[in-house]
Every structure is written in C-alpha cells, then in structure tokens.
Amino acid sequence: MKKKALALLLGICMITMTACGSTSSQTSGEASAPAAQDGAAEEGGADDVSGAEEDQAPAAGSAVAGVVWYNFADTFISNARQTLINIGAADGTITITDADSTNDVSTQTSNMNNFFTQGVDYLVLNNINTGAISEICDQIQAEGCYGIFANTDTPSDEDFAKNDKLYSVSSVATQSGTIMGEALAQYWQEHPEADRNGNGKLDYVMLLGIQGHYDTTVRSQYSVQALEDAGIEVNNIGGEIICDYSRATAQEKVAALLANYSDEIDAVIACNDDMALGAIEALKAGGFFSGDDTYLPVCGVDATVNGCQAIKDGTMLVTALNNPVMLAKSIYKVMYLTNSGQEVTTESMGLEGVSVEGHRVWLDYSPVTKDNVDQATYDINDTAF
Numbered sequence: 000m001k002k003k004a005l006a007l008l009l010g011i012c013m014i015t016m017t018a019c020g021s022t023s024s025q026t027s028g029e030a031s032a033p034a035a036q037d038g039a040a041e042e043g044g045a046d047d048v049s050g051a052e053e054d055q056a057p058a059a060g061s062a063v064a065g066v067v068w069y070n071f072a073d074t075f076i077s078n079a080r081q082t083l084i085n086i087g088a089a090d091g092t093i094t095i096t097d098a099d100s101t102n103d104v105s106t107q108t109s110n111m112n113n114f115f116t117q118g119v120d121y122l123v124l125n126n127i128n129t130g131a132i133s134e135i136c137d138q139i140q141a142e143g144c145y146g147i148f149a150n151t152d153t154p155s156d157e158d159f160a161k162n163d164k165l166y167s168v169s170s171v172a173t174q175s176g177t178i179m180g181e182a183l184a185q186y187w188q189e190h191p192e193a194d195r196n197g198n199g200k201l202d203y204v205m206l207l208g209i210q211g212h213y214d215t216t217v218r219s220q221y222s223v224q225a226l227e228d229a230g231i232e233v234n235n236i237g238g239e240i241i242c243d244y245s246r247a248t249a250q251e252k253v254a255a256l257l258a259n260y261s262d263e264i265d266a267v268i269a270c271n272d273d274m275a276l277g278a279i280e281a282l283k284a285g286g287f288f289s290g291d292d293t294y295l296p297v298c299g300v301d302a303t304v305n306g307c308q309a310i311k312d313g314t315m316l317v318t319a320l321n322n323p324v325m326l327a328k329s330i331y332k333v334m335y336l337t338n339s340g341q342e343v344t345t346e347s348m349g350l351e352g353v354s355v356e357g358h359r360v361w362l363d364y365s366p367v368t369k370d371n372v373d374q375a376t377y378d379i380n381d382t383a384f
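Following this line, the structure appears as structure tokens:
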C-alpha cells in the first residue's frame, strides 16, 4: 500500500486533472424522493450530474476513496453518486473522488488504473467487466487497497478468501425480478381482458440492460420465473432486446417492435425504470394509454422519480425500489468501519434493510405500486449513516 501522504498529495493534484473522460465529483444535490423530488437527476434531463467538475480535496488525515461508476447518466447511479459525495463531504472521514466509465470497459479499466496510480485507500467499483472479476480482485489485492464491488456482480468465495480487504455492496437483484413477475401475475389473473389476442398466453416484451450484466440476467430470469410459478403460460415476443438501460434506446426498439406486434403484446418487462419509461413513450405513440381499453402493463426497477410518476399516471404497473441513498450509505459505512478497524456486520452497519454475510453486504428491494407509491421516498441530502 502506498503511503497515506502520497495518496493525499496525489488526491489534491486531481483537482486539476481529468482522467480519461472520467473524473468528476462534488456537486450540490437537491432532495431526491420519487414521491416529490426537486432537482432529481433523470436520464436526459437538465439535472443530470455527468460533467467533470471540481474534485473534493482530501481533508487532513482522511482516507481517500476512488469510486468508478459505470455511467453517470444512469438515473439510479446519478442519485447514488450524489448521495455518496454528500455523505463524504458531511462526515470528512473518507474523501470521495469519482470517475465515469460511460458504459465502456476500456474506460473503466483506465479509471481504475488512474486511481491505483494515485494511491487511493479504497477502490469502489460499479463493475461492468463481468468476465474479469477475479482478475480485478487480484489487481486490487496487489495494490494493497480496500476493494468494494458496488451494485454489481459479487466476487466469488475464492476471491474473498484471498483478500480480507475485499467487500461487495449490492441489492439482492433476484428480488427485483420476482417483484415484477408477481405483480404482473396478479394483474393477469385479475384481468382476463389482458390476454389481448385470446391465445391463453401472456405475450411479453423483455427489455434488457447491458448484455451479460448480472442485474439484467437475474431480473429477466426471475420475473419470468415468478409468472411461470403462478401457473401462467408465457411467450417472449422479440427475443433478447438489449437497450443498455437507456430510455431512448428502449423507446426506439419498442416503436420498431410495435410495427409488427402491436396486436400481440400483453405486457412489457423492463430491467430498469428508464427503459420502462422509453417503452411507455413508444406505446403512447402507438395508441396505447389513450382510453380504458388501451392499457398495457409495464414493469420497471429502481423507483426513480419519473418511474413513480408513471405509476401515479397509470402507465406503469410496478417498480422495485432500489434505494440509491441506502446504497451510498452502505458503501460509505463499510469504508467508515474498516477505516477505524471495526468489523463489518449487520449490527455494526445499523441500516434498515441491510444485512451482512461475510464480506457481502446485501440491500433489500421493495415493491412500489399505486397503493404505496407515495411512501417510496428517499433524499440524496440525507447524510446520516
């Protein structure tokens, strides 16, 4: 491990550096709560926090964390990122500096190497290079810093066994798929008219995020599994529709699909709210949601501001709350505890809906529907951890 003094000096130098299309940091955030959020970042909106700005200078004696996010433009990531910056600024124990990988593996690798060169004490990685997890773990171990895999695939038991400075902090992605599938199953069973072509099958469109990404895989699998467990025969229209978690891409691809399957589609399952919202826009343009007999259930994940508004508007059936504030708090708490030599346990984390298994920290999802959407709130300015 490089000496703390070198880490601090190089961290200060980052104020004037921009790393390979990447480093950015502290910006002022506003309240972010799906029920009534002001200034919450949504994809493509004016409040996206994606430009390079002045880095937070390390406080005297603080540890330095280099955080590599997969894409600042992602709504969920934007909110988690801002919360983590806010907590670090308020507490002062850990100095946060971060980088945008712009959904590109080579950029992620460059960002990681830049932080290693700067001698960070913590490398927090929102990893998209899913085929190289063990190699990344080995690199983190060689550098001697702590490594935290955040909201992504967890390293293997073997990876954890080799390095006691390795952690993962992630939501239980399987829960989000099950939440979508169970809500859609209930709707299908309560609304016989949902079978639009009368074939006895639930004909669905599946909108996937990044190909091979863990959340994409389990959200799609577990949503369909929940439907089948409810005794519903299903049929996938369009096959694997990769939209990279992008609202614009989802809108474009669903619009193209409607040209051939407008009368066949019974539901849309999207692996995040941004894609669900893109699908809704395409469906609106195709004549859906224009009257009582033109409703089509759309499912999403993340409970973003616009996602929750779509539930209120009656265009989204369900979303799964993946709380970005709780993710940021959990990441920071792991760093705070390890920095002070404390053990990371469920009790020491002390956060609602957060449990610890070894060096894996798990966050629960919760379903959000029209019945509880007003309670699906979070605040990116909440710095208590």
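Residue numbers (numbering that gives the first Met the number 0): 0 to 384.
For each residue, glycine too, the CB sits at the ideal point set by N, CA and C.
Taking C-beta to C-beta, are residue i and residue j nearer than 9 Å?
{"i": "Thr74", "j": "Asn380", "result": "no"}
{"i": "Leu122", "j": "Ala327", "result": "no"}
{"i": "Ser100", "j": "Val67", "result": "yes"}
{"i": "Gln203", "j": "Asn126", "result": "Per the sequence presented here, residue 203 reads as Tyr, with Gln not at that position. Not a contact, by the Cβ cut-off of 9 Å."}
{"i": "Gly65", "j": "Thr108", "result": "no"}
{"i": "Ile279", "j": "Met315", "result": "yes"}
{"i": "Gly285", "j": "Ala247", "result": "no"}
{"i": "Asp90", "j": "Tyr335", "result": "yes"}
{"i": "Thr382", "j": "Asn85", "result": "yes"}
{"i": "Leu256", "j": "Ile231", "result": "no"}
{"i": "Gln411", "j": "Glu239", "result": "It is not possible to answer for residue 411, since the shown part of the chain is limited to 0 through 384."}
{"i": "Leu165", "j": "Gly146", "result": "yes"}
{"i": "Ala249", "j": "Leu295", "result": "no"}
{"i": "Thr318", "j": "Ala275", "result": "yes"}
{"i": "Leu320", "j": "Val297", "result": "no"}
{"i": "Gly349", "j": "Lys332", "result": "yes"}
Using the beta-carbon count (16 or more within 10 Å), is residue i buried or exposed?
{"i": "Glu142", "result": "buried"}
{"i": "Lys387", "result": "An answer regarding residue 387 cannot be provided, because it is not within the stretch 0 to 384 covered by the chain."}
{"i": "Ala269", "result": "buried"}
{"i": "Asp228", "result": "exposed"}
{"i": "Asn196", "result": "exposed"}
{"i": "His358", "result": "buried"}
{"i": "Asp272", "result": "buried"}
{"i": "Ser175", "result": "buried"}
{"i": "Ala182", "result": "buried"}
{"i": "Gly277", "result": "buried"}
{"i": "Asn198", "result": "exposed"}
{"i": "Thr344", "result": "exposed"}
{"i": "Ser339", "result": "exposed"}
{"i": "Asn259", "result": "exposed"}
{"i": "Phe384", "result": "buried"}
{"i": "Gln117", "result": "buried"}
{"i": "Pro191", "result": "exposed"}
Would you identify the three-state DSSP class for residue i, choosing helix, strand or coil?
{"i": "Cys144", "result": "coil"}
{"i": "Arg80", "result": "helix"}
{"i": "Tyr186", "result": "helix"}
{"i": "Glu356", "result": "strand"}
{"i": "Ser109", "result": "helix"}
{"i": "Gly44", "result": "Residue placement at Gly44 cannot be trusted, given a pLDDT of 34 that sits under 50; what the coordinates show is reported in the next sentence. Gly44 falls in the coil class under three-state DSSP."}
{"i": "Leu316", "result": "coil"}
{"i": "Leu326", "result": "helix"}
{"i": "Val343", "result": "coil"}
{"i": "Leu385", "result": "Since the first residue of the chain shown is 0 and the last is 384, residue 385 is not available in this structure."}
{"i": "Leu8", "result": "In this predicted model, Leu8 has a pLDDT of only 36, less than 50, meaning its place in the structure is not dependable; the value taken from the coordinates is given anyway. Helix, per DSSP."}
{"i": "Ser169", "result": "strand"}
{"i": "Ser261", "result": "coil"}
{"i": "Ile379", "result": "coil"}
{"i": "Pro154", "result": "coil"}
Quick one, which of the options has its alpha-carbon nearest residue i's?
{"i": "Asp214", "options": "Gly299, Ser261, Thr337, Asp163", "result": "Gly299"}
{"i": "Glu157", "options": "Glu342, Cys144, Leu201, Cys136", "result": "Cys136"}
{"i": "Tyr364", "options": "Thr177, Thr94, Asp163", "result": "Thr177"}
{"i": "Thr129", "options": "Gln138, Asp152, Asp312, Tyr145", "result": "Asp152"}
{"i": "Lys161", "options": "Ser169, Phe148, Ser133", "result": "Ser133"}
{"i": "Val119", "options": "Asn102, Gln140, Ala131", "result": "Gln140"}
{"i": "Met325", "options": "Arg80, Ala62, Ile93, Ala72", "result": "Arg80"}
{"i": "Phe288", "options": "Thr116, Trp361, Ala266", "result": "Ala266"}
{"i": "Asn234", "options": "Ser245, Ser222, Asp243", "result": "Ser222"}
{"i": "Glu342", "options": "Val360, Glu351, Ala258", "result": "Val360"}
{"i": "Ala369", "options": "Ala302, Ser339, Asn322", "result": "Checking the sequence shown, residue 369 turns out to be Lys, not Ala. Selected option, being the one with the closest Cα: Ala302."}
{"i": "Leu362", "options": "Phe159, Val171, Asn110, Cys144", "result": "Val171"}
{"i": "Asn113", "options": "Val317, Ala98, Asp103", "result": "Ala98"}
{"i": "Val367", "options": "Leu201, Glu356, Asn322", "result": "Asn322"}
{"i": "Leu201", "options": "Phe148, Leu226, His212", "result": "Leu226"}
{"i": "His212", "options": "His190, Ser167, Asn150", "result": "Asn150"}
{"i": "Ser168", "options": "Leu124, Tyr186, Pro191", "result": "Looking at the sequence shown, residue 168 is not Ser but Val. It is Leu124."}
{"i": "Gln308", "options": "Ser354, Ser347, Ala375, Glu346", "result": "Ala375"}
For residue i, write down the residues that DSSP places opposite it in a beta bridge.
{"i": "Asn207", "result": "Going by the sequence as given, residue 207 is Leu instead of Asn. Answer by DSSP bridge pairing, in chain order: Ile241."}
{"i": "Ala89", "result": "None, per the DSSP bridge assignment."}
{"i": "Asn234", "result": "Asp202"}
{"i": "Ile268", "result": "Met205, Cys298"}
{"i": "Val123", "result": "Val66, Ile147"}
{"i": "Val372", "result": "Answer is none; Val372 lacks a bridge partner."}
{"i": "Val367", "result": "Thr318"}
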